[in-house]
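First to last, the protein sequences are chains A and B. If you count the first sequence from 1, position 173 lands on 173 in my numbering, and the numbers rise without skipping. If you count the second sequence from 1, position 65 lands on 65 in my numbering, and the numbers rise without skipping. Glycine included, C-beta positions come from ideal geometry on N, C-alpha and C.
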Amino acid sequence: MRTRSNTEANVKSLALVSGAGVTASPTDRKPALTLGFAYILKKALFSAFVALVLFSLMIGIRTEAGPTGQLTYWTRFDDLAILVAIVFVGSIVIELARQWLRPVGASSLVPAPVQTGLAVAGRFVAPALLIFTLLVPVIFYNQRYILDLGILVLTYVMLGWGLNVVVGLAGLLDLGYVAFYAVGAYSYALLSTSVGLSFWTSLPLAGMLASLWGVMLGFPVLRLRGDYLAIVTLAFGEIIRLVIVNWQSLTGGPNGIPSIPRPTLFGIPLTPGDDGLAAKLGIAFDPTHRLVFLFYIILGMALLTNWVTIRLRRLPIGRAWEALREDEVACRALGINTTTTKLTAFATGALFGGFAGAFFATRQGFISPESFTFQESALVLAIVVLGGMGSQLGVALAALTMIGGFELFRGLEQYRMLVFGIAMVLLMIWRPRGLIGHRAPTVYLKQAQAISSDLVKEGQG
Amino acid sequence: MKSPMNSGDCILSVDRLSMRFGGIVAVNELSFEAERRKITALIGPNGAGKTTVFNCITGFYKPTGGTMRLASESGPIALERLNDFRISKQAKVARTFQNIRLFPGMTALENLMVAQHNALMRASGLTFLGLLGVPSWRAAEKRAVELATFWLNRIGLYDRADDAAGNLAYGDQRRLEIARAMCTEPVLLCLDEPAAGLNARESAALSELLLSIRAEQGTSILLIEHDMSVVMEISDHVVVMDYGEKIAEGAPQLVRDDPRVIAAYLGADEQEAIAVMESET
Numbered sequence: 001m002r003t004r005s006n007t008e009a010n011v012k013s014l015a016l017v018s019g020a021g022v023t024a025s026p027t028d029r030k031p032a033l034t035l036g037f038a039y040i041l042k043k044a045l046f047s048a049f050v051a052l053v054l055f056s057l058m059i060g061i062r063t064e065a066g067p068t069g070q071l072t073y074w075t076r077f078d079d080l081a082i083l084v085a086i087v088f089v090g091s092i093v094i095e096l097a098r099q100w101l102r103p104v105g106a107s108s109l110v111p112a113p114v115q116t117g118l119a120v121a122g123r124f125v126a127p128a129l130l131i132f133t134l135l136v137p138v139i140f141y142n143q144r145y146i147l148d149l150g151i152l153v154l155t156y157v158m159l160g161w162g163l164n165v166v167v168g169l170a171g172l173l174d175l176g177y178v179a180f181y182a183v184g185a186y187s188y189a190l191l192s193t194s195v196g197l198s199f200w201t202s203l204p205l206a207g208m209l210a211s212l213w214g215v216m217l218g219f220p221v222l223r224l225r226g227d228y229l230a231i232v233t234l235a236f237g238e239i240i241r242l243v244i245v246n247w248q249s250l251t252g253g254p255n256g257i258p259s260i261p262r263p264t265l266f267g268i269p270l271t272p273g274d275d276g277l278a279a280k281l282g283i284a285f286d287p288t289h290r291l292v293f294l295f296y297i298i299l300g301m302a303l304l305t306n307w308v309t310i311r312l313r314r315l316p317i318g319r320a321w322e323a324l325r326e327d328e329v330a331c332r333a334l335g336i337n338t339t340t341t342k343l344t345a346f347a348t349g350a351l352f353g354g355f356a357g358a359f360f361a362t363r364q365g366f367i368s369p370e371s372f373t374f375q376e377s378a379l380v381l382a383i384v385v386l387g388g389m390g391s392q393l394g395v396a397l398a399a400l401t402m403i404g405g406f407e408l409f410r411g412l413e414q415y416r417m418l419v420f421g422i423a424m425v426l427l428m429i430w431r432p433r434g435l436i437g438h439r440a441p442t443v444y445l446k447q448a449q450a451i452s453s454d455l456v457k458e459g460q461g
Numbered sequence: 001m002k003s004p005m006n007s008g009d010c011i012l013s014v015d016r017l018s019m020r021f022g023g024i025v026a027v028n029e030l031s032f033e034a035e036r037r038k039i040t041a042l043i044g045p046n047g048a049g050k051t052t053v054f055n056c057i058t059g060f061y062k063p064t065g066g067t068m069r070l071a072s073e074s075g076p077i078a079l080e081r082l083n084d085f086r087i088s089k090q091a092k093v094a095r096t097f098q099n100i101r102l103f104p105g106m107t108a109l110e111n112l113m114v115a116q117h118n119a120l121m122r123a124s125g126l127t128f129l130g131l132l133g134v135p136s137w138r139a140a141e142k143r144a145v146e147l148a149t150f151w152l153n154r155i156g157l158y159d160r161a162d163d164a165a166g167n168l169a170y171g172d173q174r175r176l177e178i179a180r181a182m183c184t185e186p187v188l189l190c191l192d193e194p195a196a197g198l199n200a201r202e203s204a205a206l207s208e209l210l211l212s213i214r215a216e217q218g219t220s221i222l223l224i225e226h227d228m229s230v231v232m233e234i235s236d237h238v239v240v241m242d243y244g245e246k247i248a249e250g251a252p253q254l255v256r257d258d259p260r261v262i263a264a265y266l267g268a269d270e271q272e273a274i275a276v277m278e279s280e281t
């Protein structure tokens, strides 16, 4: 890696030297170009060589068990040659495109005017997005699919905002966030089916229970950082899932919990019967009513999450979270109790996760451990990272892109994950610190200036 | 050497402090006192154990032996019994670090606000009242911003209040770290090499700042420093350490002329140093 960056740096400095010559005689651009070509060719040859080594066994030789069990194999060198050629040409094309997009030595692929333009547009994105979201049930009233998707996206927006407190603000890498989502969902499901509590009474209870589990996870991991913290939280998520799977008598195990009650509007159910909301209002019953109702519930819950998080950031506890992400030792020297600060971050994140879980249970009407796998944790974490750690708008945009985009590529079937992976890699190359790559200060004297992400720490766990 | 301190009004008395790391004795039975409203300097060659002493006083290490008493309004506090954040919170001892530890991604103002965490936490009713935005919380926040503004003016960084701390010049970062420590309203301020990396003009400004902190805030200062011009100019009392032990203490001029101190700094033999000094006079 070092040698590569060294050669790159050499190439750059050489290009700069030849660039100095260019200013002297503008027509003489040959040296820089030939040097560039030699470099590109070298890189392409290297890529082709790697491809050759990789693919010679994977594609060049095909082995199979013969009819009597003996090993039969045949070669496919033509396919191999085609692939290596594709890699070679592709490498040249990509490198040319890169050089064309940015002058050698420039630090960013995205030109500065575009970045400032994005920052300016950013001020209008959030209100526009909010107004659009409020109007979604009106615009798409007849499209159940869009409404369903909207509810799904909003659920992930809320989960993202919840995890953002832990990962984005406090800098604690939590890979087991789905545990709190599961605790919230099962709390509501069990409280409603066995005790008979309504959604609105169970919601705070589910949140509190999840929060309690957040603190319980927090205690053992207080001293852990970075990779170690990530692994323990990952294990915690799995433990919760496995307990749910195996505790048959309480959770129903892999069969899950069916017929979870739907939410009511001040005790009035949204059902077709005489005591339903439609009958009381004197309008015709429409199953879409419930969907719209759910949409506004999750929107309200997500906005509450957002409001609380924005407010918390401006309170001492929020500043302490961010300070903890920046430098834990300095926090201790300033008399900040890092233990309670970390625990409150875990508890707050878990609280929102629990709320979202309870909503998930009431929306689905049926929950099983399959909904709470590691993949969910990874997805929510990806949303937070992609959005730009700590940015509320970024997380919302990322959830929209990830969940919405995922649905958009449904037509691609098995290639969906591939497209998705490529999109993520590209985004991380262009915007390594997420879509919104700057931090807004929580307090200012004269003028709030966005702080470049280069200065903001990611936290050590 | 007879101790010149009259222990009548000392803010911190360290008594036979020892710190061992495995077999290595970093600090060996060190005793000294720091007077109230005075600047006490702790000097010594590299590796003498100065920072270890600091880490013990500020709770980052638990000493293997000895006591550290901090005189406070409510009676003496045993620092060795308090752990990390409580030293700052309860005993009101603030510190800075040898390698600056600001919050680089937060603005200068935010850095000073974080330092007032404990006072603001109380004012915000452990977050709940603050979340509702009650008037008493708003007033407390306003006062906190005023205190931060006061210190920003004091260190000449008012115009950079909204800049990220990581973007400030090195000297500014040093001063901001001192201001941040002062925002915890400490009775004892421990500075670990505040003049390191500063040019002559900046260290002169630093000396001035420290003298004014002592005069106006009445904060006692404990200082580790290599820059002898700063030490000689501002300190009232100097404690010299070498190999984890105190080798001399007293007024700056006295210490400067002490042959053992010169020997420790020049790495020379004690007799040799005395010989050098005699030949000079």
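Since A/Leu159 is in the alpha helix (DSSP H), which residue starts that stretch and which ends it?
Arg144 to Asn164
* For A/Met301, which of helix, strand or coil comes out of DSSP? -> helix
(Q) Need the endpoints of the beta strand (DSSP E) that B/Asp237 sits in, please. (A) What sits at residue 237 of chain B in the sequence shown is His, not Asp. Counting along the chain, the beta strand (DSSP E) containing B/His237 begins and ends at His237 to Asp242.
Could you tell me if A/Met417 is buried or exposed, where buried requires 16 or more neighbouring beta carbons within 10 angstroms of its beta carbon?
-> exposed
(message) With H, G and I counted as helix, E and B as strand and the rest as coil, what does DSSP make of A/Phe236?
(response) helix
So for A/Thr338, helix, strand or coil by DSSP?
helix
At 9 Å on the CB atoms, spell out the chain A contacts of B/Asn55, in chain order.
Neighbours of B/Asn55 on chain A: none; closest Cβ ~10 Å, over 9 Å.
8 Å Cβ cutoff met for A/Gly390 and B/Thr184: no
* Output, in sequence order along the chain, the residues in the region 419-442 of chain A whose CB is closer than 7 Å to any CB in chain B. => Arg439, Pro441 and Thr442
*asked:* Counting only beta-carbon separations shorter than 8 Å, does A/Arg319 have a partner in chain B?
replied: yes
Assuming the contact rule is C-beta atoms closer than 8 Å, B/Arg36 and B/Cys190 should be a hit. Round their C-beta distance to whole Å, please. Contact doesn't hold; Cβ gap of about 15 Å is too wide.
In chain A, which residues lie with their C-beta within 7 Å of the C-beta of B/Asn118?
Gly335
Closest by C-alpha distance to A/Pro272, when choosing among A/Asp286, A/Cys331, A/Ser47 and A/Ile260: A/Asp286
- Within the 8 Å Cβ cut-off, does A/Val329 reach chain B? yes
For A/Ser192 versus A/Ile94, is the C-beta distance shorter than 8 Å?
no
4-residue-minimum alpha helix (DSSP H) runs that sit fully inside the region 247-335 of chain A, ordered along the chain: 248-251, 277-281, 288-313, 316-326 and 328-333
key: Distance, A/Thr63 Cα to A/Pro220 Cα   = 50 Å
| query | In chain order, what residues of the same chain lie with their CB nearer than 7 Å to the CB of B/Leu211, ignoring the 5 residues before and after it? | reply | Ile234
key: Cβ-based neighbour list, A/Cys331, same chain, cut-off 8 Å, excluding 5 preceding and 5 following   = Ala320, Ala323, Leu324, Thr338 and Thr341
Beta-carbon proximity check, B/Asn111 vs B/Leu102, cutoff 8 Å: yes
*asked:* Taking 8 Å as the cut-off, does the region 372-386 of chain A touch the region 163-181 of chain A (at least 3 CB pairs, one atom from each stretch)?
replied: yes
Test: A/Leu315 CB closer than 8 Å to a CB of chain B: yes
request  = Give the DSSP-derived three-state secondary structure of B/His226 in the structure shown.
outcome  = coil
For this session: Ignore the nearest five residues each way along the sequence and tell me which others in B/Leu147's own chain have a CB closer than 8 Å to its CB.
Result: Leu112, Gln116 and Cys183
### Query
Measuring CA to CA, which of B/Leu188, B/Leu198, B/Ala140 and B/Val114 is closest to B/Ala165?
B/Val114
Report task. Only counting runs of 4 or more residues, tell me where the alpha helix (DSSP H) segments fall wholly within the region 71-137 of chain B, in order along the chain. Result -> 84-89, 108-115, 117-123 and 128-132
request  = Within its chain, find whatever has a CB closer than 8 Å to the CB of A/Leu149; leave out the 5 residues flanking it on each side and keep chain order.
outcome  = Ile403, Gly404 and Glu407
Q | Selected residue, minimal CA-CA separation from A/Ile298, among A/Tyr156, A/Gly349, A/Pro269 and A/Leu222 | A | A/Tyr156
Within its chain, find whatever has a CB closer than 8 Å to the CB of A/Gly160; leave out the 5 residues flanking it on each side and keep chain order. Val380, Ile383, Val384, Gly387, Val395, Ala396, Ala398 and Ala399
Checklist line | Option nearest B/Phe21 by Cα separation, candidates B/Asn46, B/Ala264, B/Ser13 and B/Thr52 | finding: B/Thr52
Counted within 10 angstroms of its Cβ, other Cβ atoms place A/Val292 as buried (16 or more) or exposed: buried
- prompt: Taking the continuous beta strand (DSSP E) assigned at B/Ser203, which residues delimit it?
  reply: Run containing B/Ser203: none in the beta strand (DSSP E); it sits in the alpha helix (DSSP H), Ala200 to Ser212.
Do A/Ala126 and A/Val84 have their beta-carbon atoms positioned less than 8 Å apart in this structure? no
Quick one: which chain A residues come within Cβ less than 8 Å of B/Leu62? The identity of residue 62 of chain B in the sequence shown is Lys, whereas the question assumes Leu. Under the 8 Å cutoff, chain A gives no residues; its nearest Cβ is about 14 Å from B/Lys62.
Grab me the residues of A/Leu152's own chain with a C-beta within less than 7 Å of its C-beta, minus the 5 sequence neighbours each way, in chain order. Ile403
| At least one CB of chain A closer than 8 Å to the CB of B/Arg69: is that the case? | no
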